[in-house]
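Notes follow once the structure below has been shown.
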Amino acid sequence: MAPPIAVIGMNDILPGEIARWQSLEGSFRETCARYGYREVRTPICEYVELFSRGIGGTTDIVQKEMYTFDDRGERTLALRPEGTASSVRAALEHAALSKEPVVRWCYLGPMFRAEKPAKGRFRQFHQVGAEVYGDGSAAADAECIELAVRFILSLGIKDFTVRLNSLGGEESRARFREALVAYFTPVREQLSPESQHRLERNPLRILDSKDPRDIPFKAAAPSILDALTDDDRAHFAQVRALLDALEVPYAVDPTLVRGLDYYTRTVFEVVDTSGSLGAQDALGGGGRYDKLFSELGADAPVPAFGFALGIERLLLAAPEPVQPRGFCVAVVAAAKSSDLPVTGAAMALARDLRARGVTAHVDTRFHSMKSQFRRADDQGAAFVLILGGSEVEAGEVTVKDMATGAQSRLARAQAIDTVVAARPA
Ligand code: AMP
Numbered sequence: 000m001a002p003p004i005a006v007i008g009m010n011d012i013l014p015g016e017i018a019r020w021q022s023l024e025g026s027f028r029e030t031c032a033r034y035g036y037r038e039v040r041t042p043i044c045e046y047v048e049l050f051s052r053g054i055g056g057t058t059d060i061v062q063k064e065m066y067t068f069d070d071r072g073e074r075t076l077a078l079r080p081e082g083t084a085s086s087v088r089a090a091l092e093h094a095a096l097s098k099e100p101v102v103r104w105c106y107l108g109p110m111f112r113a114e115k116p117a118k119g120r121f122r123q124f125h126q127v128g129a130e131v132y133g134d135g136s137a138a139a140d141a142e143c144i145e146l147a148v149r150f151i152l153s154l155g156i157k158d159f160t161v162r163l164n165s166l167g168g169e170e171s172r173a174r175f176r177e178a179l180v181a182y183f184t185p186v187r188e189q190l191s192p193e194s195q196h197r198l199e200r201n202p203l204r205i206l207d208s209k210d211p212r213d214i215p216f217k218a219a220a221p222s223i224l225d226a227l228t229d230d231d232r233a234h235f236a237q238v239r240a241l242l243d244a245l246e247v248p249y250a251v252d253p254t255l256v257r258g259l260d261y262y263t264r265t266v267f268e269v270v271d272t273s274g275s276l277g278a279q280d281a282l283g284g285g286g287r288y289d290k291l292f293s294e295l296g297a298d299a300p301v302p303a304f305g306f307a308l309g310i311e312r313l314l315l316a317a318p319e320p321v322q323p324r325g326f327c328v329a330v331v332a333a334a335k336s337s338d339l340p341v342t343g344a345a346m347a348l349a350r351d352l353r354a355r356g357v358t359a360h361v362d363t364r365f366h367s368m369k370s371q372f373r374r375a376d377d378q379g380a381a382f383v384l385i386l387g388g389s390e391v392e393a394g395e396v397t398v399k400d401m402a403t404g405a406q407s408r409l410a411r412a413q414a415i416d417t418v419v420a421a422r423p424a
């Protein structure tokens with residue numbers, strides 16, 4: 000029988016790669032903490048209606064990409080395709096806004112979409128995200144965009160552009176929809192079948208199309224920015240002014256609509272410009288979604304803004320750091336594995352070194368000294384601490400400095416102190 004393999008599009012993250020993941024996660028948590036965004040962890044699956052209501056029934060995610068399954072015949076669940084709907088659900092369920100007027104939350108974890116796997120596109124992928132609830136001001140938009148940008152910069156990524164647009168509120172959207180229908184209807188037959196369908200259901204999404212049949216018509220399409228109401232226009236001008244004040248560079252792009260239905264007013268996307276991501280060059284994005292709380296059953300509207308960035312793509316875009324090997328030591332026993340007083344003493348010595356903050360390896364197979372030394376060498380041990388019967392009896396340890404080859408026999412406590420003192424700060 001062939002050995003098992005992972006599900007297509009779902010990846011293992013092996014120990015050799017984990018340092019970069021942990022470092023990115025650490026930077027994200029640190030950046031968020033500085034801006035007052037607190038971490039929330041929601042389940043990886045939800046009742047499917049949360050996403051069909053929250054993300055929107057006409058989106059690709061809901062129509063084609065959700066992993067749904069029966070909860071033992073009770074209700075249909077879906078693996079979360081994104082983090083916002085779950086986070087809003089949690090904020091509502093726990094009445095987060097009754098405890099503070101503005102809620103700032105962040106999250107990180109796996110998301111699931113049944114997309115065709117490609118470079119930078121997987122079926123289980125990971126996102127970091129941040130959300131602010133209860134503040135409809137342009138300042139909240141600017142702060143959240145700035146947070147995303149500072150975090151990306153903290154990873155050493157320099158080649159990226161922030162695309163910015165406003166989709167306006169309901170009135171602006173209705174005006175724009177009319178203008179789009181008027182523009183695209185005469186050329187309907189020349190559009191891709193998908194965009195012909197979109198023309199009826201959600202004409203805005205035609206602007207999202209990458210189909211070569213649609214591209215020529217997109218260029219001369221009406222601009223949403225011409226359809227904005229005075230209020231929406233003023234909000235967008237403020238967002239831009241604040242980003243200027245915060246020295247966040249951006250490019251206004253009136254064709255940016257983003258894939259999800261729930262956005263209102265400001266939307267943005269961060270695109271990698273180094274070329275290292277190929278076709279999947281969007282690092283992430285987000286925007287304002289002032290209707291989502293009401294759509295999910297909130298008594299009163301709650302203004303909200305948020306973004307999500309894809310961790311795999313950030314890691315592809317970020318420079319590879321030179322990983323210095325961490326300081327470690329090895330404890331070897333000059334004894335057979337059956338020689339319990341000696342092997343037990345070796346394990347206890349390793350325990351005491353670890354309690355002092357030192358990484359200590361023990362080759363618990365306790366083969367020959369030669370083989371234990373070879374393993375210590377492979378692990379990059381700075382010191383090898385040797386315990387034989389006579390050392391154990393005398394309460395001593397032989398310490399070998401692997402860089403110089405110098406070897407000395409010390410009292411056990413002194414041996415520990417020597418290793419601890421040699422550890423780089
Ligand atoms: P979205 O929620 O679609 O706006 O996605 C935000 C970001 O998540 C994207 O820009 C990507 O960086 C990442 N992302 C979305 N879908 C995938 C996927 N299937 N595989 C890898 N990353 C993804």
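As numbered in numbering that gives the first Met the number 0, residues 0 to 424 make up the sequence shown, in order.
Virtual Cβ for every residue (Gly too), placed ideally from N, Cα, C.
Query                                                                                                                   : Result
DSSP state of Glu73 mapped onto helix, strand, coil                                                                     : coil
Start and end residues, alpha helix (DSSP H) containing Ile385                                                          : Run containing Ile385: none in the alpha helix (DSSP H); it sits in the beta strand (DSSP E), 382-386.
Proximity test, Gln126 beta-carbon vs the ligand AMP heavy atom, cut-off 7 angstroms                                    : yes
Collapsed DSSP secondary structure at Ala113 in the structure displayed                                                 : coil
Cβ neighbour criterion (16 or more within 10 Å) applied to Ala219                                                       : exposed
C-alpha distance - Pro202 paired with Ala173, whole-angstrom precision                                                  : 11 angstroms
Outcome for Ala32 when other beta-carbon atoms lying within 10 angstroms are tallied against a minimum of 16            : exposed
His234 - DSSP class collapsed to helix/strand/coil                                                                      : helix
CA-to-CA distance, Gly356 to Val419, given in whole angstroms                                                           : 8 angstroms
Contact test: Gly119 Cβ vs the ligand AMP heavy atom, cutoff 7 angstroms                                                : yes
Buried versus exposed, by CB contacts within 10 Å (16 or more), Met9                                                    : exposed
Exposure of Pro426, with buried meaning 16 or more beta-carbon neighbours within 10 Å                                   : With the chain represented from 0 up to 424, any question about residue 426 goes unanswered, as that position is not in the structure.
Cβ-heavy atom distance, Arg312 to the ligand AMP, below 7 angstroms                                                     : yes
Val186 vs Phe216 beta-carbon contact at 8 angstroms                                                                     : yes
Whole-Å CB distance - Val383 paired with Pro340, under 8 angstroms assumed                                              : No, Val383 and Pro340 are not in contact; Cβ-Cβ is about 20 angstroms, not under 8 angstroms.
Glu114 beta carbon near the ligand AMP (any heavy atom closer than 7 angstroms)                                         : yes
Residue environment, Arg239, which counts as buried when at least 16 other CB atoms sit within 10 Å                     : buried
Pairwise C-alpha distance: Val251 and Glu165                                                                            : The amino acid at residue 165 is misidentified as Glu; the sequence shows Ser. Near 9 angstroms, if we compare the C-alpha coordinates of Val251 and Ser165.
Stretch-stretch touch, CB-based, cutoff 8 angstroms, three pairs: the region 306-323 with the region 123-142            : yes
Cβ-Cβ distance between His234 and Ala137 below 8 angstroms                                                              : yes
Cβ-Cβ distance between Arg411 and Val396 below 8 angstroms                                                              : yes
Ranges of the beta strand (DSSP E) found wholly within the region 209-279, counting only runs of at least 3             : 263-271
Touching by the beta-carbon criterion (3+ pairs, under 8 angstroms), the region 32-47 and the region 73-90              : yes
At least three beta-carbon pairs within less than 8 angstroms, the region 279-294 to the region 143-157                 : yes
First through last residue of the alpha helix (DSSP H) which encompasses Asp427                                         : This structure does not reach residue 427, given that the chain is present from 0 up to 424, and the question cannot be answered.
Own chain partners of Ser171 with C-beta closer than 6 angstroms, once the 5 adjacent residues on each side are dropped : Ala226, Leu227, Thr228, Asp231
Uninterrupted beta strand (DSSP E) stretches inside the region 8-96 (no shorter than 3 residues)                        : 44-46, 67-69, 75-78
Coarse secondary structure for Tyr106, derived from DSSP in three states                                                : strand
Gly394, buried or exposed, once every other Cβ within 10 Å from all chains shown has been counted against 16            : exposed
Top-ranked residue by Cα proximity to Leu224, from Pro253, Ala244, Lys209, Arg112                                       : Pro253
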